[in-house]
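In this note's numbering, the protein residues as written are 4 to 317. Quick notes on the structure that follows.
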């Protein structure tokens with residue numbers, strides 16, 4: 004049954020609850036983590052299904068290769084890992100999972116800015132180091148409901164999938180926007196004109212504030228939930244390019260190799276006239292601070308983005 008909704012739930016809780024529900028229904032679902040059962044939300048799964056839970060210790064590389072082995076034998080391994088720690092397993096993701104096109108699900112926790120965990124934990128590189136790997140599908144859900152739907156989709160899909168979500172409280176907004184998850188398809192939340200705001204994952208919440216500000220000014224702009232980072236929804240981008248003057252991509256990750264860079268690259272290859280403004284984190288390591296402070300400092304909060312759009316439109 005449904006887990007009762009608690010406004011205090013984090014994305015980690017939502018994921019952990021889903022693992023429990025799905026684990027009861029699917030015997031082939033197994034959980035792999037690297038010394039972080041508590042932090043990644045799989046502790047309860049471990050207690051209920053001890054034979055289907057594998058904690059390999061502080062060895063992310065081994066966790067990923069081990070998951071590849073499990074997948075090759077018909078299991079559905081879910082590797083629960085912090086974004087910043089997944090960096091250690093880059094080679095294994097590429098060679099052992101994606102090159103073999105194996106059905107491994109990466110549940111990437113603490114993707115984006117992490118606030119209080121400090122400089123080393125900022126999960127801002129995942130899109131950049133994953134998006135160029137063939138066979139890998141990358142999703143960034145907009146809210147708590149879409150996280151469970153993305154996980155459901157990943158179980159049914161036959162290949163490597165990465166699902167990235169933020170640290171901290173899950174977003175409950177936009178509940179009624181419930182378009183089913185379809186391979187490589189973004190979700191147009193509101194269709195307007197002139198400016199299109201395309202937000203990735205946990206930045207949908209921040210972008211909603213921006214969208215509402217435009218609305219108060221009587222400007223009907225378009226608001227899109229990117230949802231799939233890879234593959235890029237080229238049809239949606241073509242549609243926006245034909246009908247808008249400016250496409251603003253908004254993500255909480257580094258600019259180089261990020262979603263916005265992928266959109267820009269694609270539109271450049273089509274020699275499109277539309278202007279693209281990629282909002283992302285400039286080439287920097289991000290220091291310790293609250294997410295709110297850091298977004299302001301990095302100029303990726305709603306207010307800064309609004310100002311940047313005004314500059315470009317002028």
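We treat Cβ as the ideally placed atom computed from N, Cα and C, and that holds for glycine. Given the structure is predicted, the values throughout are model-derived calculations rather than measurements.
*Enumerate in chain order the residues of its own chain whose CB-to-CB distance from residue 183 is below 6 angstroms, with the five nearest sequence positions on each side excluded.*
Sequence-distant Cβ neighbours of residue 183 in its own chain, meaning closer than 6 angstroms and more than five residues away, do not exist here.
*Who are the near neighbours of residue 21 in its chain, counting only those whose CB is closer than 7 angstroms to its CB and skipping five residues on each side?*
Once the five neighbours on either side are set aside, the close Cβ partners of residue 21 are 151 and 154.
*If we call anything under 8 angstroms between Cβ atoms a contact, is residue 270 one with residue 279?*
Yes, the pair counts as a contact, with Cβ atoms nearer than the cut-off.
*asked:* Measuring CB atoms only, is the segment 128–142 touching the segment 218–225, in the sense that at least three cross pairs come out at less than 8 angstroms?
replied: Cβ pair count under 8 angstroms is below three, so no.
_Using only the alpha-carbon positions, how far apart do residue 319 and residue 65 sit?_
For the chain, the structure presents residues 4 to 317; residue 319 sits outside this window and is missing.
*asked:* Please report whether the beta-carbon of residue 288 lies at a distance below 8 angstroms from any beta-carbon of chain B.
replied: This model lacks chain B altogether; it includes just one protein chain.
*Whose CA, out of 286, 146 and 297, lies closest to the CA of residue 15?*
That would be 146, whose Cα lies nearest to the Cα of residue 15.
*At least 3 beta-carbon pairs within less than 8 angstroms: the segment 196–204 vs the segment 237–254*: Touching, yes, given that three or more Cβ pairs across the two stretches are closer than 8 angstroms.
*Between the segment 173–189 and the segment 225–235, do at least 3 Cβ pairs fall closer than 8 angstroms?*
Cβ pair count under 8 angstroms is three or more, so yes.
*Can residue 289 and residue 249 be called in contact, C-beta distance under 8 angstroms?*
No; because the gap between Cβ atoms is not below 8 angstroms, this pair is not in contact.
*Enumerated in chain order, which unbroken segments of the alpha helix (DSSP H) with a length of 4 residues or greater are wholly contained in the segment 30–90?*
Secondary structure in the segment 30–90: the alpha helix (DSSP H) runs of 4 residues or longer, each lying completely within the stretch, are 46–51, 63–75 and 86–89 in chain order.
*Any 3 or more C-beta pairs closer than 8 angstroms across the segment 90–98 and the segment 41–49*: Contact check between the segment 90–98 and the segment 41–49: fewer than three CB pairs, one atom from each, fall below 8 angstroms, which does not count as touching.
*beta strand (DSSP E) containing residue 283: first to last residue?*
Where residue 283 is concerned, the enclosing beta strand (DSSP E) starts and stops at 278–284.
*Ignoring anything shorter than 4 residues or poking outside the segment 126–162, list the alpha helix (DSSP H) runs there in chain order.*
The qualifying runs are 129–133 and 147–159.
*What did DSSP end up calling residue 212 once you bin it into helix, strand or coil?*
Helix, per DSSP.
_Proximity winner among 296, 256, 294 and 273, relative to residue 282 (alpha-carbon distances)_ = In this structure, 256 is the residue among 296, 256, 294 and 273 with its C-alpha nearest to the C-alpha of residue 282.
*Look at the alpha carbon of residue 315 and the alpha carbon of residue 284, and state the distance between them as a whole number of angstroms.*
Their backbone Cα atoms lie some 18 angstroms apart in a straight line.
_Here's a check: name, in chain order, each residue in its chain whose Cβ is nearer than 8 angstroms to the Cβ of residue 122, leaving out the five neighbours to either side._
Only 288, 289, 290 and 291 meet the Cβ criterion.
*Element boundaries [beta strand (DSSP E), containing residue 231]*: For residue 231, the uninterrupted beta strand (DSSP E) run begins and ends at 231–233, by DSSP.
*asked:* Using a Cβ-Cβ cutoff of less than 8 angstroms, which residues in the same chain neighbour residue 85 once the five nearest sequence positions on both sides are dropped?
replied: Excluding sequence neighbours, residue 85 sits near 39, 42, 43, 111, 112, 113, 124 and 126.
*Can you name the start and end residues of the alpha helix (DSSP H) that residue 256 belongs to?*
Element bounds for residue 256: not the alpha helix (DSSP H) but the beta strand (DSSP E), 247–257.
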